[in-house]
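Colleague: Taking my numbering as reference, the numbering of the sequence shown is continuous, increasing by one, and the terminal residue is 1282.
Take a look at this one; I'll ask things after.
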Amino acid sequence: MHHLHFQRNNYLIIKILNMNKSIIPVVSILFSISFAFAQVINPPAGRIAVVADGNSPDPDDLGGTAVSLALLRAAGLENRLVHYSHSCDLVVLHRISEAAEKERHAMMQTACDGTARRWGGFEHITFLDAKWQTDQTIKDLVKAINASTEQDPLWIVEAGEPDIIGFALKASKKEKLKYVKVITHHPANDNAGDFYKWQDILDFGVEEVRIPDQNINLKVKKTEWDWAMNHSDDRIQWIWVMGKMAEIDDVVKFQKGYWDCSDAGMVLYWITGANVTTGLNAGSVETVKSFLVDYVSSNPK
């Protein structure tokens, strides 16, 4: 469990106690609040992998990727990320032109590499393009799957079509699949694959981890992210820019006026406890904000 918030606030509490012992009851309340907040970062055992799209007609993975990586860094869990791939829509739909498809790949790679560089801590990860580096992507995910044990399972975040996950599961050691858990939040991803459907994924014997639709609280009016646009730290501003790129996308119209990081809700769920009682299965912008703003405040550039 991560105690960053507790340690910083504990210093303040001790200082107050030395100043005036008459306010101990008030301090006790502050101590309880601080400790409760420290409990929020309570990931389950194991490692995490993310398979995102973003090259499909839906550009929300730009903001989702930036927020997911920043959340992991803010929670001190970046070293437990063992795979991140994007552009997992392997058969491109006619709704996106060849030029727009190429642009999306570049934008998704920028969301990955740019966020990782600015926030730091991801030097151990190579962000892979699932469509343009398919074999390498599958092998990288297979490696993570085959390293799984009962004490160190792999949690795969399905932030796009399930095909890459299916290919990797098929190529992995069968005895390892029972230590794999796949997190999903939307049937639009589950059954969008061209080679694997959701039931095919479950037939491998992995554990299904289904949480509510994260669009409800994390696809919001763009004004709800003005705090990031106006923040003094360029790491926060970078996150806003990634989501803004999706909002002004000229391929689809359904992102207009919205700032969407819905897939990051699955990462937030994992950070806060996943299958235990603390797992936050309905993430919000305020929760994301508290994680990110607290981190940059505690870790000035």
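Think of the CB as a built atom: it goes at the ideal place given N, C-alpha and C, for glycine as much as any other residue.
From a predicted model like this one, the values you see are computed outputs, not experimental measurements.
With DSSP as the reference, label lysine 1270 as helix, strand or coil.
Modeller: Translated into the one-based positions of the sequence shown, residue 1270 becomes position 289. Three-state result, lysine 1270: helix.
Colleague: Residues in the same chain with beta-carbon distance under 8 Å from leucine 1043, minus the five sequence neighbours each way, listed in chain order, please.
Modeller: For the purposes of this step, residue 1043 is taken as the residue at position 62 of the sequence shown. Correct list, in chain order: Gly1035, Met1088, Met1089, Ala1092, Met1223, Gly1224, Met1226, Ala1227.
Colleague: Would you call the segment 1169-1179 and the segment 1144-1154 in contact, with 3 or more CB pairs under 8 Å?
Modeller: Three or more Cβ pairs closer than 8 Å define a contact, and the segment 1169-1179 meets that threshold against the segment 1144-1154.
Colleague: Count the other CB atoms within 10 Å of the CB of isoleucine 1229; is the residue buried (16 or more) or exposed (fewer)?
Modeller: Locating residue 1229 in the sequence shown gives position 248, counting from the first residue. Flag for isoleucine 1229 reads exposed.
Colleague: For lysine 1247 versus valine 1138, is the C-beta distance shorter than 8 Å?
Modeller: The count along the sequence shown starts at 1 and reaches residue 1247 at position 266. The count along the sequence shown starts at 1 and reaches residue 1138 at position 157. Reading off the sequence, residue 1247 comes out as methionine, not lysine. The answer is yes: Cβ separation under 8 Å.
Colleague: Tell me where the alpha helix (DSSP H) around tryptophan 1136 begins and ends.
Modeller: Position 155 of the sequence shown holds residue 1136. Note, tryptophan 1136: premise wrong, no alpha helix (DSSP H); beta strand (DSSP E) at 1135-1140.
Colleague: Ignoring anything shorter than 4 residues, give me the alpha helix (DSSP H) runs that lie fully in the segment 1197-1224, in order along the chain.
Modeller: 1207-1210
Colleague: Quick one: measure Cβ to Cβ for isoleucine 1022 and threonine 1253, integer angstroms, because I've assumed they're closer than 8 Å.
Modeller: The residue labelled residue 1022 in the question sits at position 41 within the sequence shown. The residue labelled residue 1253 in the question sits at position 272 within the sequence shown. Between threonine 1253 and isoleucine 1022 the Cβ distance is about 7 Å, and since that is below 8 Å, they are a contact.
Colleague: Could you give the first and the last residue of the continuous alpha helix (DSSP H) run that contains tryptophan 1251?
Modeller: Residue mapping note: residue 1251 aligns to position 270 of the sequence shown, counting from 1. Element bounds for tryptophan 1251: 1245-1252.
Colleague: In its own chain, which residues sit with a C-beta less than 8 Å from the C-beta of asparagine 1198, not counting the 5 before and 5 after it?
Modeller: Translated into the one-based positions of the sequence shown, residue 1198 becomes position 217. By the criterion of a C-beta distance shorter than 8 Å, asparagine 1198 is surrounded in its chain by Gly1246, Ala1263, Gly1264, Ser1265, Val1266, once the five residues flanking it on both sides are discounted.
Colleague: Going by beta-carbon coordinates alone, are leucine 1071 and threonine 1115 separated by less than 8 Å?
Modeller: Position 90 of the sequence shown holds residue 1071. Position 134 of the sequence shown holds residue 1115. Cβ distance < 8 Å, so leucine 1071 and threonine 1115 count as in contact.
Colleague: Using a Cβ-Cβ cut-off of 7 Å (strictly less than) and excluding sequence neighbours within five positions of serine 1243, which residues of its own chain qualify?
Modeller: Working through the sequence shown from its first residue, we reach residue 1243 at position 262. Hits under 7 Å: Asp1041, Gly1045, Gln1195, Asn1196, Leu1199, Lys1200.
Colleague: CA-CA distance, threonine 1118 and lysine 1083?
Modeller: Here residue 1118 is taken as the residue at index 137 of the sequence shown, counted from 1. Here residue 1083 is taken as the residue at index 102 of the sequence shown, counted from 1. Looking at the two C-alpha atoms, the distance is approximately 18 Å.
Colleague: To the nearest angstrom, report how far apart arginine 1099 and arginine 1216 are at their CA atoms.
Modeller: Translated into the one-based positions of the sequence shown, residue 1099 becomes position 118. Translated into the one-based positions of the sequence shown, residue 1216 becomes position 235. Cα to Cα, arginine 1099 sits roughly 6 Å from arginine 1216.
Colleague: Taking just the CA atoms, how far does lysine 1270 sit from isoleucine 1284?
Modeller: No statement about residue 1284 is possible, as the shown extent of the chain runs from 982 to 1282 and does not include it.
Colleague: Looking only at its chain, what residues have a beta carbon closer than 7 Å to the beta carbon of aspartate 1181, apart from the 5 residues adjacent to it on each side?
Modeller: Reading the sequence shown from its first residue, position 200 is the one you call residue 1181. The answer, listed in chain order, is Gly1147.
Colleague: Less than 8 Å between the CB atoms is what I'm expecting for alanine 1097 and tryptophan 1219, so what's the real figure, rounded?
Modeller: For the purposes of this step, residue 1097 is identified with residue 116 of the sequence shown, where counting begins at 1. For the purposes of this step, residue 1219 is identified with residue 238 of the sequence shown, where counting begins at 1. Not confirmed; about 11 Å, so no contact.
Colleague: Could you pull the DSSP bridge partners for leucine 1109 from this structure?
Modeller: Numbered from its first residue, the sequence shown carries residue 1109 at position 128. For leucine 1109, which the question treats as bridged, DSSP gives the partners Ser1066.
Colleague: Out of Ala1055, Trp1208, Thr1130, Thr1165, which one is the CA nearest neighbour of lysine 1157?
Modeller: Position 176 of the sequence shown, counting from 1, holds the residue named residue 1157. Cα-wise, what sits closest to lysine 1157 is Thr1130.
Colleague: How far does the alpha helix (DSSP H) with glutamate 1189 in it extend, from its first residue to its last?
Modeller: The sequence position of residue 1189 within the sequence shown is 208, counting from 1. Taken as a continuous stretch (DSSP letters only), glutamate 1189 belongs to no alpha helix (DSSP H), being part of the beta strand (DSSP E) at 1188-1191.
Colleague: Which residue comes first and which comes last in the beta strand (DSSP E) that contains valine 1163?
Modeller: As a working mapping, residue 1163 is identified with position 182 in the sequence shown. Looking at the DSSP string, the run of the beta strand (DSSP E) that includes valine 1163 is 1161-1165.
Colleague: Tell me which residues share the same chain as alanine 1173 and place their Cβ nearer than 7 Å to its Cβ, disregarding the 5 neighbours each side in the sequence.
Modeller: Numbered from its first residue, the sequence shown carries residue 1173 at position 192. Contacts found: Glu1142.
Colleague: Spatial neighbours of isoleucine 1014 within its chain, please: C-beta separation below 8 Å, excluding the five flanking residues on both sides.
Modeller: Numbered from its first residue, the sequence shown carries residue 1014 at position 33. Reliability of the predicted coordinates at isoleucine 1014 is poor, the pLDDT of 36 falling under 50, and the value obtained from them is presented with this limitation in mind. Cβ within range, chain order: n/a, list empty.
Colleague: Would you decide whether proline 1281 is buried or exposed? Buried here means 16 or more other CB atoms lie within 10 Å of its CB.
Modeller: By one-based count along the sequence shown, residue 1281 stands at place 300. That one is exposed.
Colleague: What are the residues that DSSP puts in a beta bridge with valine 1031?
Modeller: For the purposes of this step, residue 1031 is identified with residue 50 of the sequence shown, where counting begins at 1. Partner(s): Tyr1065, Val1138.
Colleague: Short of 7 Å in beta carbon distance, which residues of its chain neighbour leucine 985, apart from the five on each side in sequence? Order them along the chain.
Modeller: Indexing the sequence shown from 1 puts residue 985 at position 4. Here leucine 985 scores only 42 on pLDDT, less than 50, and its place in the model is too uncertain to base an answer on.
Colleague: Would alanine 1055 pass as a contact of leucine 1273 if the rule is Cβ separation under 8 Å?
Modeller: By 1-based counting over the sequence shown, the position of residue 1055 is 74. By 1-based counting over the sequence shown, the position of residue 1273 is 292. Cβ distance < 8 Å, so alanine 1055 and leucine 1273 count as in contact.
Colleague: Can you determine whether any heavy atom of the ligand PLP sits closer than 7 Å to the C-beta of histidine 1064, and answer yes or no?
Modeller: Questions concerning the ligand PLP fall outside what the structure shown contains, since it holds no ligand whatsoever.
Colleague: For leucine 1135, which option in Leu1249, Asp1275, Pro1025 has the closest C-alpha, if you only look at C-alpha atoms?
Modeller: One-based indexing of the sequence shown puts residue 1135 at position 154. Closest by alpha carbon: Pro1025.
Colleague: What do you get for threonine 1268, buried or exposed, if any count of 16 or more other CB atoms within 10 angstroms of its CB means buried?
Modeller: Here residue 1268 corresponds to residue number 287 of the sequence shown, with the count starting at 1. Buried: at least 16 other Cβ atoms inside 10 Å.
Colleague: Closest to alanine 1081 by CA distance: which of Trp1221, Val1187, Trp1113, Ser1037 is it?
Modeller: Sequence index remark: in the sequence shown, residue 1081 carries index 100 (1-based). When only C-alpha atoms are compared, the closest one is Ser1037.
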